[in-house]
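Here's the structure, in structure tokens; my notes come after.
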Amino acid sequence: MVGRGLLTFKTTPSIMATGVTVGPLEKKSPFFDQFDKVYDDERCGLGTNEHANAKMMDDACKIALNKLDSNPSKADFLLIGDLVNQMTPSNFTASALGIPYIGLFSACATSISSLITAALLTEVGMSNCAIAGAASQHMSVERQFRNPVEYGAQKPETAQWTVTAAGAAAVTPYQQGYPSIEKATIGIVNDLGMTDPLNMGAAMAPAAADTFVRHLQGFQTKIEDYDCIMTGDLGKTGFTLYKTLIENKGFQANDSFRDAGVEFYGEDPTFLAGASGAGCSSAVYFSDVFGKMMAGNYKRVLLIATGALLSPLSFQQKDTIPCIAHAVELSMK
Amino acid sequence: MNENKYAKLEQQTSPKTPYLRNIVTAFITGGTICLIGQFVSLFYMTYFDFTERTSSNPTVATLIFIAMLLTGFGQYKKIGQFGGAGSAVPITGFGNAVVSAAIEHRSEGYVLGVGSNMFKLAGSVILFGVFSAFVVALIKTILVKFGVISW
Amino acid sequence: MEGMLIRKVLLLLLMLVLLSGCSNHGIRIHNDSADASKAEEILKKDQRLTSAVILFHEKDLLVGIDVDTFSRFHKKKIEKEIKKKLEKSYPDLTVTVSADRKMTIVLDKLIRKNEKDMGKKIDQLKSLLKEET
Amino acid sequence: MSIFITAFIVGGLICVVGQLMFDVAKLTPAHTLCTLVVIGSILDGFGMYEPLIDFAGAGATIPITSFGNALTHGAMAEAEKHGIIGVLTGMFEVTSSGISAAILFGFIASLIFKSEGKA
């Protein structure tokens, strides 16, 4: 053990396949051609938003397993989560797939927390194929955390747009030629008193910076060791704050710094500060980053996903927004 | 980094609220909605038996109807993002709040969904409207009783 | 971008102000029972009015007035004042004065069409004006 | 036809007050609207809202402030006739066309429309 919450995986479990499904609006994304499946309907042709959320996750898991020439009956664990009430969409996905299941909630950091859990199960030899992933559906999240979708409230430039996307990754014991999970840092909840749910980037930035610093100092690595250091969904405001915070700690941000939320919708001003949601980080990590690693463009990456751990109840009761960030280090050997 | 320091940093970094732009767009949007309302009200005065006084009722209903269509076709939120308070303060904003909540909660059924959630956003306006009307009328009645003021 | 927006708004306001200049002034009178000259004089003297319609019908004297922009704040007071003056000059007639647009709209229509059942229409108008929201 | 200009300007200005509450006072839309309703109600208590309607027409009746005004006006009209009990009965008597229209059209909308997550 290198430090509290810092994990080193000796067996370096691999991510052998991924599946990413997105809604119709995500056609605007520059990553569009890397997504596996696009629905033409925000509700995937189903009755409710929540069903659509479950369906997207279900499809993403099946796509990932298909790429392994496998099927749900051969998977050992399902480790997924989403943002809707008590994670019911994920529970329905688990029920449909019939894979032994642990639901995970770290808000938008679920993409990484699930990956870490899958890697741990694989590391101790208890799993040959664990599915990790996260999903979010725009309308179901908006109506729960903010206002009805059609309500005409003016959003500030710091507001982010919850994506409709699901990403799943199949984690297996080490395989040559696939990205492998080497190290991870479990986040500590940070709360610097931010209360504005329309500026989540600012609330999450300290958590991201904290986990980043802990990871680099704990494992004695440098920024130059990584081809890409990508945060999940800080958005434009949060990303700037995060870079300022790590500069205060003596790190100089460079071109290898990316943020999935900033990049997800390109430069379209309709989306204000950028994308957010559990599906945002998982969709980009499991399509763009995974693809670039497979193609050999990235040798070593650090993925930091941040989650704002608020509920509609907590912010109406004027509580602050506690935030967490988990990090995982992938490399191609 | 402590909370105060971070709050300061956050304020420096977050994009500034474009006060002037927001005021201008709110003025134009709100003014236009009221202008449309004035045309509608003139229409009711000219072709139906309504006076200036009584035409406000059908005018309000008509504007809420228009707001319903705009909300249903997904346009009101765009007006809202542009106009801010300009589209929230007129009665159309009240209509939008009710209609958007009604549409949103249809998936939970008409009784538990639409019925109980319709006034999720607009209910507080009714509460404070009724309560303040009660208090103001009560105070005025008492003052008149004691001869401080007259009606 | 902000500067452009503000300039556009100013232009719009200017146009509105210019447009407002073109409204019809003057007094229209319809008379079938009494001498209208006194009423006309009273109304013409009042600087706050921009236009007016006077209609005499049997025992009724109906006056629709249009007050200038800022006098609209005291519309009720102006109505009352004019009514009092008219009642003094025409003690035999039932005087109804209103600054409500509906009044001028209906009176203009009645004058134009010169309908037979004017009495009925006038009663209807009077009851409309009594309604509150 | 200066009523159109005053309607535009007064209506616009009331909305600007609302925008300042959003941006400067950092109030949520719900808090802003509630405050405006209470302001409308108090203005009517001082007898100032009716002249504003005479001056600006729809510019004063369309903003949400007129909702507070309508309720207070109804309550006070009854109170004038029946004294203190009239305040209560007046409260129950006045209904706003805004509420009924919103209920009716809200329900109709839920029958025909679906929300779309389009940007």
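Chains as they are written, first to last, in our numbering: chain P, 112 to 444; chain R, 3 to 153; chain Z, -4 to 128; chain V, 29 to 147. Quick reminder that beta carbons are idealized off the backbone N, C-alpha and C, glycines included. Computed from a predicted model, the values in this text were never measured in an experiment.
Query                                                                                                                                                                                       : Result
Does the segment 250 to 262 of chain P come close enough to the segment 230 to 241 of chain P to have 3 or more Cβ pairs within less than 8 Å?                                              : no
Under DSSP, the alpha helix (DSSP H) around Phe84/R begins and ends at which residues?                                                                                                      : 78 to 85
If you count every other CB in all the chains shown that lies within 10 Å of the CB of Trp153/R, and 16 or more means buried, which is it?                                                  : exposed
Grab the span of the beta strand (DSSP E) containing Glu294/P for me, first residue to last.                                                                                                : The displayed chain sequence assigns Lys, not Glu, to residue 294/P. Segment 291 to 296, the beta strand (DSSP E) holding Lys294/P.
For Glu440/P, which beta-bridge partners are listed by DSSP?                                                                                                                                : Lys294/P, Leu413/P
Give me, in chain order, the residues of the same chain whose beta-carbon lies closer than 8 Å to that of Arg369/P; leave out the 5 immediate sequence neighbours on both sides.            : Cys339, Ile340, Met341, Thr342
For Ser126/R, which residues in chain V fall below 7 Å Cβ to Cβ?                                                                                                                            : Ala58, Cys62
Which residue marks the beginning of the alpha helix (DSSP H) containing His101/V, and which one marks its end?                                                                             : 93 to 110
Please classify Asn19/Z as buried or exposed, where buried requires at least 16 neighbouring CB atoms within 10 angstroms.                                                                  : Because the pLDDT at Asn19/Z is just 49, under 50, the model does not fix this residue reliably, and the point stays unresolved.
At which residue ranges does the segment 195 to 271 of chain P contain complete alpha helix (DSSP H) runs of 4 or more residues, listed in the order of the chain?                          : 199 to 208, 221 to 234, 249 to 256
Who are the neighbours of Phe41/R on chain Z, taking C-beta pairs under 9 Å?                                                                                                                : Simply none; closest approach about 13 Å.
Strictly under 8 Å for the Cβ-Cβ distance: is Val260/P near chain V by that measure?                                                                                                        : yes
When you compare the CB positions of Val400/P and Ala295/P, do they come within less than 8 Å of one another, or not?                                                                       : no
With a threshold of 6 Å on Cβ separation, who are the neighbours of Thr431/P within its own chain once the five nearest residues in sequence on each side are excluded?                     : Asp302, Gly304, Thr306
Counting Cβ pairs, one atom from each stretch, are 3 or more of them under 8 Å apart for the segment 47 to 57 of chain Z and the segment 81 to 96 of chain Z?                               : yes
So for Asn19/Z, helix, strand or coil by DSSP?                                                                                                                                              : With a pLDDT of 49 at Asn19/Z, under the threshold of 50, the modelled position of this residue cannot be trusted, and the question is left open.
Do you know how far the Cα of Phe426/P is from the Cα of Met10/Z?                                                                                                                           : 47 Å
Terminal residues of the continuous alpha helix (DSSP H) containing Cys62/V?                                                                                                                : 57 to 73
Would you call the segment 221 to 233 of chain P and the segment 98 to 111 of chain V in contact, with 3 or more CB pairs under 8 Å?                                                        : no
Can you list, in chain order, the residues of the segment 294 to 307 of chain P whose Cβ is nearer than 8 Å to any Cβ on chain B?                                                           : In the displayed structure, chain B is absent; the protein chains listed are P, R, Z and V.
What did DSSP end up calling Ser124/V once you bin it into helix, strand or coil?                                                                                                           : coil
What does Asp95/Z reach in chain R if we use C-beta pairs closer than 8 Å?                                                                                                                  : Thr53, Glu54, Arg55
Going by beta carbon distance, what residues of the same chain come within less than 6 Å of Val373/P, once the five residues before and after it are set aside?                             : Lys347, Phe350, Gly385
Mind pulling the chain V residues with CB within less than 7 Å of Arg108/R?                                                                                                                 : Ser138
Classify Val2/R as helix, strand or coil using the three-state DSSP reduction.                                                                                                              : There is no way to answer for residue 2/R, as the model of chain R reaches only from 3 to 153.
With 8 Å as the threshold, decide whether the Cβ of Ile81/R is near any Cβ in chain Z.                                                                                                      : no
Rounded to the nearest angstrom, what separates Cys17/Z and Val44/V at their Cα positions?                                                                                                  : With a pLDDT of 45 at Cys17/Z, under the threshold of 50, the modelled position of this residue cannot be trusted; read the value that follows with caution. Cα-Cα distance, rounded: 29 Å.
Identify, in the order they occur along the chain, each residue of the same chain with its Cβ nearer than 6 Å to the Cβ of Leu7/Z, setting aside the five sequence neighbours on each side. : none
Which chain R residues are close to Glu74/Z, counting only those with a beta carbon under 7 Å from its beta carbon?                                                                         : Neighbours of Glu74/Z on chain R: none; closest Cβ ~12 Å, over 7 Å.
Express the C-alpha separation of Lys139/P and Val235/P in angstroms, rounding to a whole number.                                                                                           : 41 Å
According to DSSP, is Asn408/P helix, strand or coil?                                                                                                                                       : coil
Output yes or no for whether 8 Å exceeds the beta carbon distance between Ser69/V and Thr100/V.                                                                                             : yes
Which residues, taken in chain order from the segment 96 to 118 of chain Z, show a beta carbon closer than 7 Å to some beta carbon of chain R?                                              : Arg96, Lys97, Ile100
Going by beta carbon distance, what residues of the same chain come within less than 6 Å of Thr322/P, once the five residues before and after it are set aside?                             : Thr296, Gly298, Ile415, Ala436, Ala438
Is the CB of Leu71/R under 8 Å away from at least one CB in chain P?                                                                                                                        : no
Starting from the beta carbon of Asp82/V, find every residue of chain Z whose beta carbon is closer than 7 Å, and list them in chain order.                                                 : Arg67, Phe68, Lys70
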